[in-house]
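This report refers to the structure that appears directly beneath it.
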C-alpha cells in the first residue's frame, strides 16, 4: 500500500463523514465503485487509479487499527492547518497594520511637504507684492523731484542703463510648461531655484513664479532676454515648452552684456538709479530739455505700468493656483 494514500482525505474519497460506521463506509464504497470502475469508464485514463484509491480507502477505514492510526494522522494534520490559518491571519493583520502605518506616515510627510511648499510660495508672493508696491510708491514720490533735477543728465542716464527698455515696449514675459503629475512633489523635476539657474544665463530675471497646486507651469519676466532662449528645452527627460506672453528677445544681447554688469543672482524688482552731477553753468537747448522731460516721464510711467502689470500677473497666477 502506498504511503501517499495516508496524506489524502480517505473519507472524502468514499464520500462519507469522519464518524461514519463501517456499513456507511461500505455503502459509500459501492456507490463510488460503480462510478469509477475501469470497465464502465474505458475512456477515462484515470479510472483505474481512482478505483485503486477507493479500494485502499476501504481497506484502511474498515480495519480498526489502521483507521485509528489514520484518524490520528488526520487530526494532527488538521491541527497544523488550524495553526497555519491562525498564523496566516496574524501575518496578514501584521502586514495590513504595517502597510497602514507606512501609508499614514507617507501621507503625513507628503502633507507636511506640500504645506511647506505652499508656505514658501505664499511668502514669495507676499514679498513680490510688497516689492512691487514699494517700487510703485517710490517711483511716484521721486517723479516731481527727478524731473526738476536731472533734465541735463537724462541722456547720460539712459546710456548708463543699457537694461532700460524703450517706453513703448513691454518686458519679455514667458510662460513655461512641462509635464508633471498632480501628486508629484518634485513637480516634474523643476523648481524656483533650478529654473532660475537655467534661465538666468539668457538675461536678468525680474520675476520668476512657479505654481504649486497646478503642477508643470511657471512664468518668468526678464528685463531683457537673449534670443538664444528659444533653443532652451530644459531637462532632456522632461523638456520645457516656452510660450511668449509679451515682449521680444534681443538678437545681440550677448554682445551688449560683455561690457555691462553681470546679471543679478536673484530675481528682484530693480529700482532705477541716476547719477548726480553739478548742474551749475550747464545750459541745454529748450527743445532738448523739453524732449528730456518727455523721455523721463515716459520712462517712469513705463516702469510704473510694468510694476503694476507684474503685480497683476502674480495675483492672477496666485488666484489660479488656489482654484
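Numbering (our numbering), first residue to last: 76 to 398.
Even for Gly, the Cβ is constructed at its ideal location relative to N, Cα and C.
- Item | Sequence-distant residues of the same chain with beta carbon closer than 8 Å to residue 90, five excluded per side | 103, 106, 107
- Task: Could you pull out every residue in the same chain whose Cβ sits closer than 6 Å to the Cβ of residue 247, ignoring the five residues on either side in sequence?
- Result: 297, 300, 322
- Query: Using a Cβ-Cβ cut-off of 6 Å (strictly less than) and excluding sequence neighbours within five positions of residue 439, which residues of its own chain qualify?
  - Reply: The chain is shown from 76 up to 398; residue 439 falls before or after that span and cannot be answered.
- Item | Cβ pair count under 8 Å reaching 3, the segment 248 to 266 against the segment 313 to 321 | yes
- With burial defined as no fewer than 16 other Cβ atoms inside 10 Å of the residue's Cβ, what is the status of residue 387: buried or exposed? exposed
- Going by beta carbon distance, what residues of the same chain come within less than 6 Å of residue 356, once the five residues before and after it are set aside? Residue confidence is low: residue 356 scores 42 on pLDDT, short of 50, so the model does not pin down where it sits. Its coordinate-derived value is still stated next. For residue 356, where only same-chain residues beyond five positions count, there are no Cβ hits under 6 Å.
- Task: Confirm, please, whether the CB-CB distance from residue 93 to residue 400 is below 8 Å.
- Result: This structure cannot settle anything about residue 400, because the visible part of the chain is limited to 76 through 398.
- Which first and last residues belong to the alpha helix (DSSP H) in which residue 99 is found? 97 to 111
- Query: Would you call the segment 254 to 266 and the segment 274 to 293 touching, i.e. three or more CB-CB distances under 8 Å?
  - Reply: yes
- Whether residue 325 touches residue 302 by CB criterion (8 Å): yes
- Message: Bridge partners for residue 297 per DSSP, in chain order?
- Response: 280
- Task: Measure the alpha-carbon distance for residue 360 versus residue 309 and round it to whole angstroms.
- Result: Because the pLDDT of residue 360 is 48, which lies under 50, any placement of that residue in the model is unreliable, and the number read from its coordinates should be weighed accordingly. So the alpha carbons of these two residues sit roughly 52 Å apart.
- Compute the Euclidean distance between the alpha carbons of residue 380 and residue 214, then round it to the nearest angstrom. 11 Å
- Tell me whether residue 289 sits in a helix, a strand or coil according to DSSP, three-state version. coil
- Query: How big is the Cα-Cα spacing for residue 148 and residue 125?
  - Reply: 22 Å
- Message: Can you list, in chain order, the residues of its chain with a C-beta nearer than 6 Å to that of residue 382? Leave out the 5 residues immediately preceding and following it.
- Response: 207, 210, 211
- Reduced DSSP secondary structure (H/G/I, E/B, other) of residue 233: Low confidence applies to residue 233: its pLDDT is 45, below 50, so where it sits in the model is not reliable enough to give any reading.
- Message: Out of 187, 281, 286, 278, which one is the CA nearest neighbour of residue 263?
- Response: 286
- Item | Residues bridged to residue 252 (per DSSP) | 292, 316
- Task: Give the DSSP bridge partners of residue 309, in chain order.
- Result: 314
- Run through DSSP, which three-state label would residue 302 get? helix
- What residues in its chain sit with their C-beta under 8 Å from that of residue 145, if we drop five residues either side in the sequence? 81, 85, 135, 136
- Item | Straight-line gap, residue 193 to residue 187 (C-alpha atoms, nearest Å) | 10 Å
- Proximity below 8 Å, CB of residue 282 to CB of residue 385: yes
- Query: Tell me, which residues are paired with residue 321 by DSSP?
  - Reply: 248
- Would you call the CB atoms of residue 128 and residue 100 closer than 8 Å? no
- Just the Cα atoms here: how many angstroms apart are residue 389 and residue 164? 56 Å
- Message: Comparing C-alpha positions only, which one of 320, 284, 305, 312 sits nearest to residue 196?
- Response: 284
- Span of the alpha helix (DSSP H) around residue 268: 267 to 274
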